[in-house]
Amino acid sequence: NATEKEKKELLSELGVMKLINPHPNVVTLLGSCTDRDPLFVIMEFVPFGKLQTYLRESRVERSYGNLHGSSKHLTSRDLTSFAYQVAKGMEYLSSKGIIHRDLAARNILVGENKTCKVADFGFARDVITSHVYERKSEGRLPIRWMAPESLYDNIFTTKTDVWSFGILMWEIVTLGSTPYPGLAAAEVMRRVRDGYRLEKPEHCKREMYNIMYYCWDPDPNERPSFSELTCLLDKLLVSENDYIELDRFPDHSYYNITNLSGEKL
């Protein structure tokens, strides 16, 4: 019962995925059948689902002391590794000239051994020649994850994905919280344009927050590449320090979980 628009979107997503060779941190396309209706796309099964849900459920495990030894018990190193793995996946995608445009914890899947895989290429575009995609159609957009030049000029590049990655890092550190808690979408747009940035969570060390903040430079050319981000996060991983103090994770409304299904631009 898919509409023609939905079929076109699926074929567009499939076209992007066909450009991607297997990578441990990107969900794998196994096959497709598009010569007749219904269309079939066969994807790799990633057993633990969305990173956003995985992070939020880990809060419950913490509250009850992880009595059952669940795999969702997370450490500072686990969270840093999640960010590192997503950066590795995005480093690969950007090398293929692919802009994701919807990089967020809800679009990362968690597999065996806490492996993170970039998924959901419904918004993705192949820009191997121009390196820039200019959006011309209307529709829902992930406002809280978008860079200023995307919000106001409809411009998307690898550096706008980097901005989104910084927001995703904040999601990881806050165990799946909604970015810009308490603010409506229109207010988020205005504040981001005026230079406001997500604040450092109190249980997050400065070294970790600085990487996020680096992603939110108003000048896209000053933002790091995904290769740089991979190196920065690798340095944190090889260190013996905990950069996210989960025993100090605040159990209050600042770290809220908001339904954003009605937001659009």
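Numbered per the UniProt record's numbering, the sequence shown spans residues 1 to 265. Here a beta-carbon is modelled for each residue, glycine too, at the ideal position from N, C-alpha and C.
Burial state of residue i (16 or more Cβ within 10 Å)
i           : result
residue 347 : Outside the displayed range of the chain (1 to 265) lies residue 347, so it cannot be described from this structure.
residue 239 : exposed
residue 209 : buried
residue 161 : buried
residue 76  : buried
residue 65  : The pLDDT assigned to residue 65 is 49, lower than 50, so where the model puts this residue is not dependable; a value taken from the coordinates is nonetheless given after this. The residue in question, residue 65, is exposed, as its Cβ has fewer than 16 Cβ neighbours within 10 Å.
residue 101 : buried
residue 80  : buried
residue 3   : exposed
7 Å CB neighbourhood of residue i in its chain, flanking five on each side removed
i           : result
residue 32  : 14, 40, 41 and 42
residue 26  : 20, 89, 92, 93, 117 and 118
residue 134 : Unreliable positioning characterises residue 134 in this predicted model, as indicated by a pLDDT of 42, which lies under 50. A coordinate reading is not provided.
Nearest neighbour of residue i, chosen from the options [CA to CA]
i           : options              : result
residue 56  : 164, 141 and 106     : 106
residue 113 : 74, 200 and 241      : 74
residue 266 : 95, 24 and 247       : There is simply no residue 266 to check, as the chain begins at 1 and stops at 265 in what is shown.
residue 191 : 152, 168, 212 and 48 : 152
residue 235 : 207, 59, 11 and 168  : 207
residue 97  : 157, 84 and 46       : 157
Where the beta strand (DSSP E) containing residue i begins and where it ends
i           : result
residue 225 : Here residue 225 belongs to no beta strand (DSSP E), and DSSP marks it neither H nor E.
residue 46  : Residue 46 -> no beta strand (DSSP E), and no H or E assigned at all.
residue 110 : 108–111
Neighbourhood of residue i by C-beta, 8 Å cutoff - its chain only, sequence neighbours within 5 removed
i           : result
residue 69  : Its pLDDT being 43, under 50, residue 69 is placed unreliably in this model, and the value from its coordinates should be taken loosely. No residues qualify anywhere along the chain.
residue 136 : Note on residue 136: pLDDT 45, under 50, position unreliable in the model; the coordinate value appears next. Within the same chain, residue 136 has close Cβ partners 154.
residue 193 : 148, 151 and 152
residue 168 : 83, 86, 103, 104, 105, 108 and 145
For residue i, the first and last residue of its enclosing alpha helix (DSSP H)
i           : result
residue 12  : 4–17
residue 215 : 206–215
residue 148 : 148–153
residue 82  : 76–95
For residue i: DSSP bridge partner residues
i           : result
residue 32  : 41
residue 235 : According to DSSP, which records beta bridges pairwise, residue 235 is partnered with nothing at all.
residue 118 : 26 and 108
Distance cut-off 7 Å: residue i Cβ against heavy atoms of the ligand MG
i          : result
residue 80 : The ligand MG is not part of the structure shown, which contains no ligands of any sort.
Beta-carbon contacts of residue i that lie in its chain and below 6 Å, excluding the five residues immediately before and after
i           : result
residue 229 : 87
Residue i at chain C interface by Cβ criterion, 8 Å
i           : result
residue 243 : Of the protein chains in the structure, only one exists, and it is not chain C.
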